[in-house]
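Colleague: To start, I am sharing the structure in question, which I have written as structure tokens.
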Amino acid sequence: MLGRESMESAPFDAAEKLLEIELRRGSPSLRRLGLDAWKDVVGAAYGTILETREGRAAVAHVLAESSLFVRDRSMSLLTCGRTDLGRAFEALVARIGHDAIEGVRLSRERDRFPDAVRSSFDDDVAVLSRVVDGDRLASTLEDAELHSFEFGSLRASLDFRVFCRGLSPEVRRVFVDAPVDAPPLFHRLKRAFRAEVVQLHQFEPTGFSMNLLDEDVAACVHVSPEEAADVASFETSSRSPVHRLALLGEAERIFAPARIAVTLDGRRLVSAAEARERLSHELTRRGDARVL
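Mind the numbering: the sequence shown is residues -18 to 273 in our numbering, read in order.
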């Protein structure tokens, strides 16, 4: 890994890192920690909160490095680049105490520039393992690779994730050359979720984030269109096959990516075809035949 003096010139690594924590019943509300506390937690990871919107049952934050969703008993911190989620975990545990934790999940895509990160997956696991005794899992699908560490149970987590690589040249040009034209691409997704909170953020020189909240259900989209990254991701905590199929369909429609990998449980990668088949079967079994 690079020394501090080399960090500023290191290449941007778009590989996603996700930390999720669930608290035991009766624990103090995470939402009531307040914005300053969450700025400290995100800052400990070398991240920055750019915008905050509060909904009826959750708070959504746009980060310079992705997204943070905070509910009363759970949180989801999604980052990329040179953030350090082990430090964020330590900062949060210092505030809530380790006895409050019912479940933890740490997941990371394979680092694209492993010499440029502040911490590796193994480093992060070592930090979390001082507090919780979790299990590790590695999942691969073609060139996609996801590593996870999990303890206990999670009720509200970003289990459904769609990783897109090799975005269509036409869409990449929109995000790079005409980013003002990017938000309308997502109108169907916003309509499908009927979100009470919608956050859109365009980064300089390139990049795009969108957060959606409906009660305590969260969804987000992140796009890194630059040539060195060329990726987009969609995540949601919704268990609804309608929402999940909508998210997968929009990922394919908007980006026409060369490769897609999906998680249905937050840990195991499957193909888009397998994900669609399983979700369609669940939709039929539930008797919900709404057209997306």
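Using N, Cα and C, we set each Cβ at its ideal position, and we do this for glycine too. Predicted model only: the values in this text are computed from it and were never measured.
Could you check where the beta strand (DSSP E) with V43 kicks off and where it finishes?
Modeller: Residues 39 to 44.
Colleague: Take the Cβ of P206 as the centre, count every other Cβ of all protein chains shown within 10 Å, and call the residue buried at 16 or more, exposed below.
Modeller: The residue is buried, with at least 16 neighbouring Cβ atoms inside 10 Å.
Colleague: Compare the beta carbon distance of D140 and G36 with 8 angstroms and say whether it is the shorter of the two.
Modeller: Their beta carbons are not under 8 angstroms apart, which means D140 does not touch G36 by this criterion.
Colleague: What span of residues does the beta strand (DSSP E) with H79 cover, start to end?
Modeller: Unbroken run through H79: none, as it is neither H nor E.
Colleague: Can the beta-carbon of S55 be found less than 8 angstroms from the beta-carbon of E90?
Modeller: Against a cut-off of 8 angstroms, the Cβ pair of E90 and S55 comes out as no contact.
Colleague: According to DSSP, simplified to helix, strand and coil, what is G133?
Modeller: In the structure shown, G133 sits in a strand (DSSP, three-state: E or B).
Colleague: Might you give, ordered along the chain, the residues of its own chain that have their beta carbon closer than 7 angstroms to the beta carbon of G24, omitting 5 neighbours on each side?
Modeller: Once the five neighbours on either side are set aside, G24 has no close Cβ partner at all.
Colleague: If I follow the unbroken alpha helix (DSSP H) through T265, where does it start and stop?
Modeller: Run containing T265: 253 to 267, per the alpha helix (DSSP H) assignment.
Colleague: Do the stretch 119 to 129 and the stretch 64 to 76 meet, that is, are 3 or more Cβ pairs less than 8 angstroms apart?
Modeller: Output reads no: the stretch 64 to 76 does not touch the stretch 119 to 129.
Colleague: Can you tell which of S88, C145, A81 has the C-alpha that lies nearest to the C-alpha of L118?
Modeller: Measuring from the Cα of L118, the nearest candidate turns out to be S88.
Colleague: Excluding the five sequence neighbours on either side, which residues of its own chain have a C-beta within less than 8 angstroms of the C-beta of E196, listed in chain order?
Modeller: For E196, where only same-chain residues beyond five positions count, the Cβ hits under 8 angstroms are G36, R37, A38, A39, E177.
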